[in-house]
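Notes to accompany the following structure.
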Amino acid sequence: MAKVTRDDVARLAGTSTAVVSYVINNGPRPVAPATRERVLAAIKELGYRPDRVAQAMASRRTDLIGLIVPDARQPFFAEMAHAVEQAAAERGKMVLVGNSDYLDEREVHYLRAFLGMRVSGLILISQGPSEHAAAEIDAWDARVVLLHRRPEAIEDVAVVTDDVGGAHLATRHLLEHGHDYVACLGGTEETPTVGDPVTDHIEGWRRAMREAGKTVEGRLFQAPYNRYDAYQVALELLAGPDRPPAIVCATDDQAIGVLRAARELRIDVPGELAVAGFDDVKEAALTDPPLTTVASDREAMARAAVDLVLDDGLRVVGSRRERLRQFPSALVVRRSCGCH
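The sequence shown begins at 1 in the UniProt record's numbering and counts up one residue at a time.
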């Protein structure tokens with residue numbers, strides 16, 4: 001059987017091949033509803049399937065968006081990836097996902113692979129400040145949007161949440177419960193990194209503590225971002241002689257590890273220990289007790305990132321285009337902080 005072509009669809013629908021193209025690609029020109037229906041009916045009757053490879057070769061772009069995340073096993077990144085996929089689907093695009101595993105070389109590997117596939121654009125949740133990644137991005141003619149994190153080495157537009165403000169809200173809320181101080185479970189880096197959300201969470205905690213006249217000395221603890229390793233850190237911290245009365249965690253996954261450690265040590269939450277997290281992953285509402293946390297609008301951030309990577313929808317401020325799209329954070333109060 002001869003392969004059905006776009007010309008065949010146009011003849012059956014009684015229109016031009018250009019109009020068929022506009023219907024298939026949802027633009028760039030509008031098509032009258034009646035004409036669109038005729039084209040879609042002809043496509044269905046003939047069983048026409050667009051040759052996406054040929055289209056990509058002609059336009060030097062595919063219908064794909066590349067998305068690189070540090071670790072899709074972590075709930076926050078899994079939920080963010082899902083939100084990006086949904087936003088991309090609304091625009092007729094598909095998403096390729098790669099995990100950097102917090103390694104520079106894997107991040108660069110996926111940058112090369114996705115950009116080499118001529119993706120329509122790339123959304124990067126960077127694992128950290130990488131000169132190698134920045135050099136790779138500069139070497140390709142592709143639009144890159146940073147999501148969640150804005151590494152200093154990479155100058156592309158970024159879509160982020162108000163990490164400092166969110167952590168400030170959570171810490172101040174715990175202090176308002178009357179605790180002498182609030183400890184902070186931060187990340188694994190001793191040296192603060194510009195543009196890192198966890199660094200900003202620590203800064204928000206510091207500001208709230210200082211505004212309340214509390215010292216932060218000796219009250220910041222390092223822990224990996226996942227619940228399993230954070231649980232091990234929390235076991236040692238909570239079993240020690242200087243157990244804090246309250247802890248704000250840089251991620252919900254860490255907070256879930258803290259809750260597990262507290263349960264094993266028979267420490268009542270929130271009676272003997274108040275806990276707050278950051279991210280408001282779905283599981284936060286189902287922990288025991290339910291976790292007080294900071295939420296960001298992941299769906300709106302994902303939609304903004306997809307729009308930017310496809311349309312370059314940047315506002316012009318004065319004579320310069322904005323490089324940062326920041327979304328507000330909101331405190332989600334549940335029982336782990338002591339509220340009922």
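We put the beta carbon where it would ideally sit given N, CA and C, even for glycine.
Residue pairing by DSSP places Val119 opposite no residue, since no beta bridge is assigned to it.
Tyr110 counts as buried, since at least 16 other C-beta atoms from the protein chains shown sit within 10 angstroms of its C-beta. Taking the Cα of Val309 as reference, the smallest distance to any Cα among Arg325, Val294, Ser296 is reached at Arg325. Sixteen is the threshold: when 16 or more other Cβ atoms of the shown chains lie within 10 Å of the Cβ of His148, as they do, the residue is buried.
Sequence-distant partners of Thr188 (beyond 5 residues in either direction) whose C-beta falls short of 6 Å from its own C-beta, in its chain, are Gln222, Pro224. Within the same chain, Cβ atoms closer than 8 Å to the Cβ of Ala285 are found at Leu291, Arg334, the five residues on either side in sequence being excluded. Counting C-beta pairs with one atom in each stretch, the region 230-246 and the region 255-273 have three or more that are closer than 8 Å, which means they touch. Here Ala13 is near Ala42, since their CB atoms are less than 7 Å apart. Contact between Leu96 and Leu67 holds: their C-beta atoms lie close to 7 Å from each other, under 8 Å. The Cβ-Cβ distance between His201 and Ala167 falls below 7 Å. Cβ contact annotation for Arg323 (same chain, cutoff 6 Å, sequence separation greater than five): Val157, in chain order. Sequence-distant partners of Val216 (beyond 5 residues in either direction) whose C-beta falls short of 8 Å from its own C-beta, in its chain, are Cys184, Trp205, Arg206, Met209, Arg210. DSSP places Asn226 outside both helix and strand once states are collapsed to three, so it counts as coil. Minimum Cα-Cα distance from Gly178 among the listed residues Glu299, Asn26, Gly271 corresponds to Gly271. Under DSSP, Met94 shares a beta bridge with Leu64.
DSSP, reduced to helix, strand and coil, places Ile43 within a helical segment of the structure shown.
Per DSSP, Ile247 is not a residue of any alpha helix (DSSP H); the beta strand (DSSP E) it occupies stretches across 246-249.
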